[in-house]
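Each remark here refers to the structure printed beneath this line.
Encoded structure:
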């Protein structure tokens with residue numbers, strides 16, 4: 001086997017994995033605060049991509065304006081989604097809430113391309129398309145930058161969870177009644193989590209939009225993100241980074257090495273195999289929060 | 001003037017079960033009042049009426065008023081009531097298990113803006129409960145029952161309350177820890193002038209620290225008065241304080257001794 005090819009696949013895989021991880025981090029953020037697995041995260045990323053495209057192309061803004069505009073708009077979209085849809089479900093069985101988020105995912109997948117047109121939209125964030133040669137390695141510039149930005153965003157999120165506001169949000173995820181009893185505005189904390197999660201989805205949507213264009217298929221990121229979130233442990237941000245790298249690597253190597261043998265199509269199998277295997281072998285994921293039991 | 005007044009409160013759970021049947025209670029400024037009674041008497045429900053935590057349990061106040069510091073607070077949501085100065089330490093401690101003790105304390109400061117003041121409050125709590133400072137590396141879920149109870153009380157104090165509602169602080173604790181907890185409660189009440197409304201099954205310990213007490217049975221107040229009066233009441237002694245020390249078994253009647261109030 002060609003070592004150079006493997007090195008190339010690995011490096012690109014790691015950075016693609018980090019870009020997946022950013023979507024997964026949004027799922028973790030909401031799970032960490034409200035205990036709900038948000039299945040609309042892929043659609044939020046797609047929506048973020050469309051929002052960025054709308055501000056950039058329809059409104060014709062320069063990048064230093066359309067990017068913040070898209071992030072702010074999506075923050076409120078996320079918070080509004082929680083306010084209008086999710087908050088009504090308080091006290092309902094958890095499965096109903098998860099089904100609701102899945103419904104939102106499917107609905108957005110239909111509505112947004114229907115509204116903006118289903119052709120692929122180009123989103124330019126100023127990354128040159130020429131590949132980068134490091135020694136003899138042939139690397140994708142957009143992926144490298146995308147992976148680095150994703151990692152930085154996730155690190156910011158980790159820092160955030162250690163701030164006082166972050167502690168309050170973790171308290172909400174631990175015990176909502178107790179949070180209420182010490183004066184935490186639980187509803188507001190959860191709405192904030194949804195807003196921040198939508199912001200992270202938007203960053204991911206923009207990065208992916210810049211590499212593959214904006215269309216409905218951005219929402220398919222949900223599957224990879226779910227695989228990563230489940231492997232990482234659903235409530236661990238560092239877990240998401242590690243799991244993201246694992247999934248990215250596995251996918252990239254599978255495409256590069258197994259595809260020529262079986263004739264293609266392994267890329268999308270990898271994520272689903274990881275979901276199934278994790279759930280069977282280690283349901284809490286690699287870094288999932290342990291259930292505390294005093295002896 | 002009294003800090004907290006409950007006037008003729010009625011509570012219905014699930015629209016059918018009348019759990020509290022017209023209860024009126026007063027807690028004076030800086031007072032330490034105990035609410036005694038057996039399981040299911042409605043003690044915890046009354047605390048939840050005051051703190052507003054009844055709603056998540058499908059309970060509803062169908063009659064009566066709750067006035068705190070001269071204001072009607074029944075329409076306020078729980079976080080708003082905490083901001084007015086009343087805080088509820090829930091039964092079973094309910095610390096944030098995956099947070100460290102210090103993070104538990106910080107989580108209760110959402111109403112404070114001043115960072116230096118928050119720091120100072122945390123330090124105060126750690127000097128009040130040195131054991132929490134020692135265990136600050138561990139997640140709160142791994143603390144012992146007594147440590148968790150102290151953390152729950154410290155967490156409530158972080159909100160700087162005028163009134164603290166304590167629900168069964170002695171639940172599941174060893175006797176020497178019960179003494180320690182009650183000693184702490186007395187100190188908090190005496191030193192900072194924080195009023196305390198204490199719900200307890202451990203009537204002996206509660207009547208030792210409280211100034212006055214109410215006795216609740218089946219959702220009604222059946223007796224109230226100063227702690228001394230209640231302690232010396234023969235019915236209370238018989239039913240809640242373990243009776244007199246010598247029992248003459250020849251004189252024991254073959255029917256159950258009736259309480260002298262109607263329940």
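Chains as they are written, first to last, in UniProt numbering: chain A, 1 to 295; chain B, 1 to 263.
Note that beta-carbon positions come from the ideal geometry of N, C-alpha and C, so glycine has one too.
Own chain residues within Cβ distance below 6 Å of residue 240 (chain B), not counting five before or after
203
On the criterion of 16 or more Cβ atoms from any shown chain inside 10 Å, does residue 78 (chain B) qualify as buried, or is it exposed?
buried
Taking only beta-carbon positions, decide if residue 181 (chain A) is within less than 9 Å of chain B.
yes
Which of helix, strand or coil does DSSP assign to residue 213 (chain B)?
strand
Within 10 angstroms of its Cβ, does residue 92 (chain A) collect 16 or more other Cβ (buried), or is it exposed?
Classification for residue 92 (chain A): exposed.
What residues from chain A crowd round residue 44 (chain B), counting only those whose CB sits closer than 7 Å?
Near residue 44 (chain B) there are no residues of chain A at all, since even the closest Cβ is about 12 Å away, more than 7 Å.
Going by CA-CA distance only, name the one from B:93, B:89 and B:53 that's closest to residue 76 (chain B).
B:53
Is residue 242 (chain A) close to chain B? Criterion is C-beta to C-beta, closer than 9 Å.
No - not a single Cβ of chain B is within 9 Å of the one on residue 242 (chain A).
I need the boundaries of the beta strand (DSSP E) containing residue 226 (chain A), first residue and last residue.
It is not in any beta strand (DSSP E) - residue 226 (chain A) instead sits in the alpha helix (DSSP H) that spans 221 to 232.
Who pairs with residue 224 (chain B) in a beta bridge, going by DSSP?
B:214
Determine the chain A residues that contact residue 180 (chain B) at a beta-carbon separation under 9 Å, and present them in chain order.
Under the 9 Å cutoff, chain A gives no residues; its nearest Cβ is about 19 Å from residue 180 (chain B).
Contact belief for residue 61 (chain A) with residue 85 (chain A) at Cβ below 8 Å, rounded distance in angstroms
Incorrect: roughly 29 Å between the Cβ atoms, too far for contact.
Counting only beta-carbon atoms, is residue 92 (chain A) nearer than 9 Å to chain B?
no
With which residues is residue 63 (chain B) paired in a DSSP beta bridge?
Beta-bridge pairing links residue 63 (chain B) to B:10.
Tell me whether residue 187 (chain A) is buried or exposed, calling it buried when 16 or more other Cβ atoms sit within 10 Å of its Cβ.
Under this definition residue 187 (chain A) is a buried residue.
For the 8 Å Cβ check, are there 3 or more pairs between the region 70 to 77 of chain A and the region 40 to 59 of chain A?
Result yes; three or more Cβ-Cβ pairs closer than 8 Å.
Minimum C-alpha distance to residue 271 (chain A) - residue among A:249, A:241, A:15 and A:260
A:249
How would you call residue 226 (chain B), buried or exposed, if buried means at least 16 neighbouring beta carbons within 10 angstroms?
Taking every protein chain shown into account, the CB of residue 226 (chain B) has fewer than 16 other CB atoms within 10 angstroms, so this residue is exposed.
Give a yes or no on whether the minimum CB-CB distance between residue 103 (chain B) and chain A is below 9 Å.
yes
Neighbourhood of residue 136 (chain B) by C-beta distance below 7 Å, restricted to the same chain and skipping five residues each side
Here residue 136 (chain B) has 100, 101 and 102 as same chain residues with Cβ atoms under 7 Å from its own Cβ, once five neighbours each way along the sequence are excluded.
Among the residues of its own chain, which have a CB less than 6 Å from the CB of residue 9 (chain A), if the five just before and after it don't count?
252, 253 and 256
Quick one: what does DSSP say residue 26 (chain B) is sitting in, helix, strand or coil?
The three-state reading of DSSP puts residue 26 (chain B) in strand, counting E and B together.
Ends of the alpha helix (DSSP H) at residue 214 (chain A)?
No alpha helix (DSSP H) contains residue 214 (chain A), which DSSP labels as neither H nor E.
Assuming residue 234 (chain A) contacts residue 285 (chain A) under a Cβ cut-off of 8 Å, what Cβ separation, rounded to an integer in Å, is found between them?
6 Å
Beta carbon of residue 174 (chain B) nearer than 9 Å to that of residue 146 (chain B)
Between residue 174 (chain B) and residue 146 (chain B), the C-beta spacing is below 9 Å.
9 Å is my cut-off, CB to CB: does residue 186 (chain A) come that close to chain B?
yes
Residues within the region 70 to 87 of chain B neighbouring chain A, beta-carbon criterion of under 7 Å
78, 79, 82, 83 and 87
Does the pairing of the region 5 to 16 of chain B with the region 159 to 177 of chain B give three or more beta-carbon distances under 8 Å?
no
Residues, ordered as in the chain, of the region 105 to 134 of chain B that lie near chain D by beta-carbon distance below 9 Å:
Judged by its chain identifiers, the structure shown contains no chain D, and its protein chains are A and B.
According to DSSP, is residue 57 (chain A) part of a helix, a strand, or is it coil?
Residue 57 (chain A): helix per DSSP, three-state reduction.
Among B:223, B:217, B:233 and B:190, whose alpha-carbon lies nearest the alpha-carbon of residue 37 (chain B)?
Among B:223, B:217, B:233 and B:190, the Cα nearest to that of residue 37 (chain B) is on B:217.
How about residue 177 (chain A): is its C-beta nearer than 9 Å to some C-beta of chain B?
By this cut-off, residue 177 (chain A) is an interface position.
When you compare only the Cα positions, how much space is there between residue 92 (chain B) and residue 168 (chain B)?
C-alpha separation (whole angstroms): 8 Å.
Residues near residue 195 (chain B) in its chain [Cβ-Cβ closer than 6 Å; skip 5 each side]
The beta carbon of residue 195 (chain B) is closer than 6 Å to those of 3, 27, 30, 31 and 163 in its chain, skipping five residues each way along the sequence.
To the nearest angstrom, how far is it from the Cα of residue 153 (chain B) to the Cα of residue 124 (chain A)?
55 Å
Rounded to a whole number of angstroms, what is the C-alpha to C-alpha distance between residue 98 (chain A) and residue 39 (chain A)?
7 Å
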